[in-house]
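A.B. asks: Quick one: the structure is below, and I'll ask about it shortly.
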Amino acid sequence: MQLTESMKNTDIKRDWVVLDAKDQVFGRLITKAATLLRGKHRPCFTPNVDCGDFVVIVNASHVKFSSLNKLKDKEYFTHSGYFGSTKSKTLEEMLEKNPEKLFYLAVRGMLPKTKLGRAMIKKLKIYKDKKHPHTAQVGKKD
1 MQLTESMKNT DIKRDWVVLD AKDQVFGRLI TKAATLLRGK HRPCFTPNVD
51 CGDFVVIVNA SHVKFSSLNK LKDKEYFTHS GYFGSTKSKT LEEMLEKNPE
101 KLFYLAVRGM LPKTKLGRAM IKKLKIYKDK KHPHTAQVGK KD
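The numbering used here puts the first residue of the sequence shown at 1, with every later residue one more than the last.
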């Protein structure tokens, strides 16, 4: 009889994956990023262990959307907690001013809402342009 062994945090070898967002569809790209962060692409996936890879997204400001109406219709809301402090930004404004936050919010929504999810989102690195400071890590396996 063979027992299925569960992965431990110390047994996991993490890779660095670079995703180029240029001319990619936004939803499909963040789905792939969330899958890599979670570790679901690995045969040793364990739901209660952070077994995902580090993900670097470059060219975040050059991403495409499946619908032209989304840029004007979709809104993101912020609220400070005070009365009347609800502010909204359209998807177009978010993409122009802060595409890193746009990607961060979208990927965070696909991860678990627990301590495990907070540990996973820390492995996501997003950059507007092609340059990123992780070139040393991308070449080697961690």
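Just so it is clear, CB atoms sit at the ideal spot from N, CA and C, and this is done for glycine as well.
1. With a threshold of 7 Å on Cβ separation, who are the neighbours of residue 51 within its own chain once the five nearest residues in sequence on each side are excluded?
2. Starting from residue 75, follow its DSSP beta bridges and name the residues at the other end.
3. Count the CB pairs spanning the region 80-88 and the region 101-118 that are closer than 8 Å, and state whether there are at least three.
4. Pick from 131, 95, 15, 115: whose alpha carbon is nearest that of residue 75?
5. Return the Cβ separation of residue 19 and residue 33 in integer angstroms, given the expectation that the two are a contact with Cβ distance under 8 Å.
6. Measuring alpha carbon to alpha carbon, tell me which residue in 15, 21, 16 is nearest residue 128.
7. So the candidates are 48, 107, 70, 82; which of them puts its Cα closest to the Cα of residue 91?
8. To test your reading of the DSSP string, which unbroken beta strand (DSSP E) runs of 3 or more residues are found completely within the region 7-58?
9. For residue 58, I'd like the list of residues in its chain whose CB is within less than 6 Å of its CB, leaving aside the five on either flank, ordered along the chain.
10. When the distance is taken between beta carbons, is residue 26 closer than 9 Å to residue 119?
11. Spatial neighbours of residue 138 within its chain, please: C-beta separation below 6 Å, excluding the five flanking residues on both sides.
12. Hey, how far is the Cα of residue 103 from the Cα of residue 125?
13. To the nearest angstrom, report how far apart residue 142 and residue 49 are at their CA atoms.
14. Please name the residue, chosen from 80, 93, 101, that lies closest to residue 73 on a Cα-to-Cα basis.
15. When the Cα of residue 61 is compared with those of 134, 99, 10, 122, which residue comes out closest?
C.D. replies: With the given structure in hand:
1. Your numbering for residue 51 matches position 51 in the sequence shown. Excluding residues within five positions, the ones whose Cβ falls inside 7 Å are 7, 12, 39, 42, 44, 45.
2. For the purposes of this step, residue 75 is identified with residue 75 of the sequence shown, where counting begins at 1. 90, per the DSSP bridge assignment.
3. No: fewer than three Cβ pairs fall under 8 Å.
4. Here residue 75 is taken as the residue at index 75 of the sequence shown, counted from 1. When each option's Cα is compared against that of residue 75, the closest is 95.
5. Counting from one through the sequence shown, the residue named residue 19 turns up at place 19. Counting from one through the sequence shown, the residue named residue 33 turns up at place 33. Yes, they are in contact, since the Cβ atoms of residue 19 and residue 33 sit about 6 Å apart, within 8 Å.
6. Taking the first residue of the sequence shown as position 1, residue 128 is located at position 128. Closest option to residue 128, Cα to Cα, is 21.
7. Your numbering for residue 91 matches position 91 in the sequence shown. Taking only the C-alpha atoms, the option nearest residue 91 is 70.
8. If only uninterrupted beta strand (DSSP E) runs of at least 3 residues are considered, those enclosed by the region 7-58 are 16-20, 54-58.
9. Position 58 of the sequence shown holds residue 58. Within the same chain, residue 58 has close Cβ partners 20, 127, 130, 132.
10. In the sequence shown, residue 119 corresponds to position 119, counting from 1. In the sequence shown, residue 26 corresponds to position 26, counting from 1. Pairing residue 119 with residue 26 gives a Cβ-Cβ distance that is not under 9 Å.
11. As a position in the sequence shown, residue 138 is number 138, starting the count at 1. Only 16, 18 meet the Cβ criterion.
12. Within the sequence shown, numbered from 1, the residue matching residue 103 stands at position 103. Within the sequence shown, numbered from 1, the residue matching residue 125 stands at position 125. Looking at the two C-alpha atoms, the distance is approximately 10 Å.
13. Here the question's residue 142 lines up with position 142 in the sequence shown. Here the question's residue 49 lines up with position 49 in the sequence shown. Note that residue 142 scores 45 on pLDDT, short of 50, meaning its location in the model is unreliable and no value can be drawn from it.
14. Here residue 73 refers to the residue found at position 73 of the sequence shown. Nearest to residue 73 by alpha-carbon distance, out of 80, 93, 101, is 93.
15. In the sequence shown, residue 61 corresponds to position 61, counting from 1. Ranked by how close their Cα comes to the Cα of residue 61, the residues 134, 99, 10, 122 have 99 in first place.
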